[in-house]
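All residue numbers for the sequence shown refer to full-length UniProt numbering, where the first residue is 1 and numbers rise by one.
Even glycine gets a Cβ: it sits at the ideal position worked out from N, Cα and C.
The structure displayed is predicted, hence computed values, not measured ones.
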Amino acid sequence: MSEDVPTDGSRVRVAVERDAEVLAGLLRDFNAEFDTPTDPVAQVAARFARLIGGPAGLALVAEEDGPGGPTAYGFALVTLRPSVYADGSVAVLDELYVRPDRRGGGTGTALVAAMRAELSARDCEEIQINVDSVDTGARRFYERLGFVNVERAEDGPMLCYIGPATP
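Have a look at this one:
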């Protein structure tokens with residue numbers, strides 16, 4: 001996958017196992033925004049490493065060069081599964097996070113674009129995303145990118161958005 005460049009000049013790339021601890025730290029930050037308990041970073045990092053190192057996991061990281069080297073500020077985590085309804089796999093976007101100070105600069109869109117390109121190369125046909133029904137910002141974001149809510153009742157706690165994996 002080639003690197004995708006958000007409008008702020010940073011880059012998005014496929015994460016590798018050595019990124020696991022950084023990704024776990026970003027997930028901790030994400031969960032802290034919503035007062036959601038998180039397991040210790042080392043434990044979550046081990047899980048990230050297993051997912052990233054296996055065929056059913058994909059993570060992308062948004063980063064910029066800093067004085068001490070690259071600094072990550074966003075990520076997407078995807079799991080892949082077979083489906084009787086598709087010839088290829090189906091992806092579930094488990095997490096998409098961009099640090100609050102970096103939001104609005106195109107990073108989320110770049111993460112989704114890079115995710116779609118990578119998933120398309122892996123013969124994935126569809127992406128599913130569970131979105132909190134009250135999270136209108138996330139809903140607008142995914143709808144702008146072509147995802148469609150397939151839940152009949154919009155007043156439930158979670159909505160399921162589906163979109164093509166092709167870029």
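Alpha carbon of Val84 to alpha carbon of Ala32, nearest angstrom:
37 Å
Through-space distance from Leu96 to Ser10, alpha-carbon basis:
Taking the Cα positions, Ser10 is about 17 Å away from Leu96.
Cutoff 6 Å; reference Ala20; Cβ partners in own chain excluding five residues on either side
Ala45, Phe48 and Ala49
Should Gly88 be flagged as near chain D, meaning a C-beta pair shorter than 8 Å?
Checking the listed chains, one finds no chain D in this structure; it contains a single protein chain.
Should Ala59 and Leu111 be called a contact, given that it needs their Cβ atoms to be closer than 8 Å?
no
I'd like to confirm the pairing. Which residues does DSSP put opposite Ser89 in its beta bridges?
Cys124
Across which residues does DSSP place Thr79 in a beta bridge pair?
Gly57 and Val92
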